[in-house]
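Below is one structure, written out as structure tokens; comments come after it.
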Ligand code: ATP
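Numbering (the numbering used here), first residue to last: 1 to 469.
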């Protein structure tokens with residue numbers, strides 16, 4: 001991959017979730033939803049910078065998973081699907097979490113996550129360790145139910161999809177026929193999913209409305225183990241290629257008693273969030289469970305006939321399933337750095353810098369006139385106008401040049417251009433690098449090329465298939 005100068009030092013800054021939440025609000029990455037009405041729990045709105053960052057994260061995934069591969073096609077399905085989909089997939093019966101209630105404070109908790117929960121009345125205690133007695137666990141279905149059309153009866157019940165995967169399974173034959181795909185091949189989708197989580201929280205980490213980035217990769221039975229290993233390595237590499245510190249990333253294989261009944265194997269990509277090691281993405285070998293379940297329920301043949309080998313089979317599925325919001329949070333947390341104050345400066349005068357991979361950064365380039373006179377602003381605006389069509393550019397003339405650099409560092413802008421006295425004489429500017437803070441003098445005419453190279457996404461040279469396949 002290209003070295004964009006983003007390699008992070010070993011001693012990364014540990015940051016609290018509170019710092020990330022505050023920075024997000026102050027600089028316009030993420031706001032509480034419906035804030036002027038007191039906010040809606042666990043719902044968040046991406047602000048001007050957050051919307052760009054999340055789009056860039058999704059684009060990076062799509063590029064790596066779909067557009068740069070000959071063997072993956074994209075799909076964009078509707079959120080509402082026929083209710084029988086959820087019957088066949090098992091979601092109606094099994095998509096549940098065990099829930100307990102506290103008889104004293106009426107708080108509701110996930111029975112399997114009590115060690116991470118705290119009593120709402122006595123936050124230093126876990127639920128059940130305070131005076132409150134907990135009920136026996138009972139299963140709570142996480143799907144949001146609504147009604148289609150004007151009549152609110154059970155015949156009109158539909159569900160907001162709790163995952164994007166099912167839209168892919170039910171379109172398997174459509175994609176095989178229209179895109180002329182043949183296993184091994186994948187179908188990818190990004191989009192909103194909804195789960196009525198019992199205990200959402202930790203900012204973007206667990207919400208009730210979130211976006212997924214899922215790939216269902218269909219393979220001939222027998223090659224599934226090799227592809228399962230392949231996608232684990234490939235997905236881990238995606239995060240580090242885009243700048244995630246490998247020391248904060250690990251793969252955790254599920255123990256047999258953790259596996260869903262249909263899964264042959266499952267591994268979580270975990271990231272060390274400020275709340276500890278948590279799942280970022282799940283990679284599962286789902287066998288032929290999903291296609292067979294839909295074959296049985298719909299009565300339609302979802303097997304694949306290979307005209308070359310004259311064999312008919314139901315493909316196995318390897319599923320890397322990532323969260324766009326969780327990934328965005330991980331990229332935000334991982335990018336956060338604080339440089340200690342320079343000598344002689346007050347202790348709280350730290351440089352906060354988001355060291356995003358330049359291709360993920362919401363703003364690519366900031367242009368500053370050194371002074372608000374002598375033609376500097378006009379010259380700087382001219383540069384902005386020239387580059388605006390190519391990159392996300394910001395213009396800033398407010399405050400000292402040092403403060404302006406700091407403002408851009410805090411939102412992760414990789415490059416800063418300053419127009420000064422020299423510019424007026426020879427059409428050169430200073431170009432400052434966010435990470436090294438080094439400045440070099442470059443001709444204005446060379447800027448577009450330099451920026452383009454700097455913000456280019458990593459070019460993957462990784463293999464497209466497991467060895468021997
Ligand atoms: P968890 O154990 O955290 O509930 P899960 O194993 O149920 O997650 P999957 O069904 O495998 O999650 O979903 C795939 C990915 O979708 C997760 O790895 C995560 O990135 C994202 N995701 C799932 N639930 C949520 C949520 N409530 N909020 C934000 N992202 C989510």
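Note that CB positions come from ideal geometry on N, CA and C, so glycine has one too. Given the structure is predicted, the values throughout are model-derived calculations rather than measurements.
### Message
Suppose the cutoff is 6 Å on Cβ atoms and the five residues either side in sequence are ignored; what does the same chain contact list for residue 74 look like?
### Response
For the purposes of this step, residue 74 is identified with residue 74 of the chain shown, where counting begins at 1. Answer for residue 74: 66, 188, listed in chain order.
### Query
Between residue 69 and residue 234, which are expected to be in contact by the criterion C-beta below 8 Å, what is the C-beta distance as a whole number of angstroms?
Stepping through the chain shown from its first residue, residue 69 is reached at position 69. Stepping through the chain shown from its first residue, residue 234 is reached at position 234. In fact, because the Cβ distance is near 10 Å, the residues do not count as touching under 8 Å.
### C-alpha gap between residue 71 and residue 318, whole angstroms
On the chain shown, position 71 is the one that residue 71 refers to. On the chain shown, position 318 is the one that residue 318 refers to. When rounded, the distance between both Cα atoms is 14 Å.
### Task
Compute the minimum distance between the beta carbon of residue 289 and the heavy atoms of the ligand ATP, and state whether it is under 7 Å.
Here the question's residue 289 lines up with position 289 in the chain shown. Outside the cutoff, so no.
### Through-space distance from residue 27 to residue 55, alpha-carbon basis
Numbered from 1 along the chain shown, position 55 holds the residue referred to as residue 55. Numbered from 1 along the chain shown, position 27 holds the residue referred to as residue 27. Looking at the two C-alpha atoms, the distance is approximately 17 Å.
### Query
Rounded to a whole number of angstroms, what is the C-alpha to C-alpha distance between residue 312 and residue 301?
By 1-based counting over the chain shown, the position of residue 312 is 312. By 1-based counting over the chain shown, the position of residue 301 is 301. Taking the straight line from one Cα to the other gives about 11 Å.
### Message
Among 131, 185, 420, 158, whose alpha-carbon lies nearest the alpha-carbon of residue 378?
### Response
Here residue 378 refers to the residue found at position 378 of the chain shown. That would be 420, whose Cα lies nearest to the Cα of residue 378.
### Task
Give the straight-line distance between the Cα atoms of residue 8 and residue 328, rounded to the nearest whole angstrom.
Looking up residue 8 in the chain shown gives position 8. Looking up residue 328 in the chain shown gives position 328. Because the pLDDT of residue 8 is 48, which lies under 50, any placement of that residue in the model is unreliable, and the number read from its coordinates should be weighed accordingly. One C-alpha to the other measures close to 18 Å.
### Query
Quick one: Cα of residue 3 to Cα of residue 112, how far?
Along the chain shown, read from residue 1 onward, the residue named residue 3 stands at position 3. Along the chain shown, read from residue 1 onward, the residue named residue 112 stands at position 112. Because residue 3 sits at a pLDDT of 39, beneath the cut-off of 50, its placement in the model cannot be relied upon, and the point is left open.
### Message
By the three-class DSSP mapping on this structure, what secondary structure does residue 108 have?
### Response
Taking the chain shown and counting its residues from 1, the one referred to as residue 108 is at position 108. Reduced to three states, the DSSP call for residue 108 is strand.
### Query
Is any heavy atom of the ligand ATP found at a distance shorter than 7 Å from the C-beta of residue 84?
Translated into the one-based positions of the chain shown, residue 84 becomes position 84. Not under cutoff, so the answer is no.
### Task
Kindly give me the distance between the Cβ atoms of residue 417 and residue 203, rounded to whole angstroms, as I take these residues to be in contact under 8 Å.
For the purposes of this step, residue 417 is taken as residue 417 along the chain shown, with counting starting at 1. For the purposes of this step, residue 203 is taken as residue 203 along the chain shown, with counting starting at 1. Not a contact, Cβ separation roughly 33 Å.
### Query
Could you give the distance in angstroms between the alpha-carbon of residue 285 and the alpha-carbon of residue 279?
Taking the first residue of the chain shown as 1, we reach residue 285 at position 285. Taking the first residue of the chain shown as 1, we reach residue 279 at position 279. In a straight line, the C-alpha of residue 285 is about 17 Å away from that of residue 279.
### Task
Could you tell me how far apart the beta carbons of residue 123 and residue 107 are, in whole angstroms, since I believe they sit closer than 8 Å?
For the purposes of this step, residue 123 is taken as the residue at position 123 of the chain shown. For the purposes of this step, residue 107 is taken as the residue at position 107 of the chain shown. The Cβ separation is near 11 Å, so there is no contact.
### Query
Just to confirm, are residue 198 and residue 101 a CB contact at a threshold of 8 Å?
In the chain shown, residue 198 corresponds to position 198, counting from 1. In the chain shown, residue 101 corresponds to position 101, counting from 1. Cβ distance not < 8 Å, so residue 198 and residue 101 don't count as in contact.
### Runs of beta strand (DSSP E) wholly within the region 208-286 (minimum 3 residues, chain order)
209-219, 249-253, 265-273, 276-285
### Message
Based on DSSP bridge pairs, tell me the residues matched to residue 101.
### Response
Residue 101 sits at position 101 when you count from the first residue of the chain shown. 108.
### Identity of the residue in 447, 282, 457 nearest residue 59 by Cα
Reading the chain shown from its first residue, position 59 is the one you call residue 59. Per the Cα distances, 457.
### Query
Just how far apart, CA to CA, sit residue 77 and residue 164?
Translated into positions along the chain shown, residue 77 becomes position 77. Translated into positions along the chain shown, residue 164 becomes position 164. Spanning the two alpha carbons is a distance of roughly 8 Å.
#### Entry: Same chain, Cβ closer than 8 Å to residue 305, five either side skipped, listed in chain order
If you number the chain shown from 1, residue 305 lands on position 305. Only 311, 312 meet the Cβ criterion.
### Task
With hydrogens ignored, establish whether the beta-carbon of residue 248 is closer than 7 Å to any heavy atom of the ligand ATP.
Start at 1 with the first residue of the chain shown, and residue 248 comes out as number 248. Answer for residue 248: no, Cβ out of range of the ligand ATP.
### Query
So the alpha helix (DSSP H) residue 171 belongs to, where does it begin and stop?
To locate residue 171, count along the chain shown from 1; it is residue 171. First-last for residue 171: undefined, no H or E at that position.
### Message
Considering only the alpha carbon of each residue, which of 241, 179, 251, 222 lies closest to residue 232?
### Response
The count along the chain shown starts at 1 and reaches residue 232 at position 232. Cα-wise, what sits closest to residue 232 is 251.
### Task
Give a yes or no on whether the C-beta atoms belonging to residue 104 and residue 133 are separated by under 8 Å.
Stepping through the chain shown from its first residue, residue 104 is reached at position 104. Stepping through the chain shown from its first residue, residue 133 is reached at position 133. Yes, the pair counts as a contact, with Cβ atoms nearer than the cut-off.
### Query
Using the beta-carbon count (16 or more within 10 Å), is residue 261 buried or exposed?
If you number the chain shown from 1, residue 261 lands on position 261. It is exposed - the Cβ of residue 261 has fewer than 16 other Cβ atoms within 10 Å.
### Message
Pop quiz: residue 99 and residue 110 are said to be a contact at Cβ under 8 Å. What is the actual Cβ separation, rounded to whole angstroms?
### Response
The residue labelled residue 99 in the question sits at position 99 within the chain shown. The residue labelled residue 110 in the question sits at position 110 within the chain shown. Their Cβ separation, rounded to whole angstroms, is 6 Å, which keeps residue 99 and residue 110 in contact under 8 Å.
### Task
Drop a sphere of 10 angstroms on the beta-carbon of residue 180, count the other beta-carbons inside from all chains shown, and report buried for 16 or more, exposed for fewer.
On the chain shown, position 180 is the one that residue 180 refers to. That one is exposed.
### Query
Quick one: complete beta strand (DSSP E) runs, 3+ long, within the region 388-419?
393-395, 415-419
### Query
Between residue 265 and the ligand ATP, is the CB less than 7 Å from at least one heavy atom?
Within the chain shown, the letter at position 265 stands for residue 265. Result no, Cβ not under 7 Å from the ligand ATP.
### Query
With C-beta atoms as the reference, is residue 143 less than 8 Å away from residue 82?
Here residue 143 refers to the residue found at position 143 when the chain shown is read from its first residue. Here residue 82 refers to the residue found at position 82 when the chain shown is read from its first residue. Not a contact, by the Cβ cut-off of 8 Å.
### Query
Helix, strand or coil: which one does DSSP assign to residue 465?
Here the question's residue 465 lines up with position 465 in the chain shown. Three-state DSSP puts residue 465 in coil, outside helix and strand.
#### Entry: residue 425 - DSSP class collapsed to helix/strand/coil
Residue mapping note: residue 425 aligns to position 425 of the chain shown, counting from 1. Helix, per DSSP.
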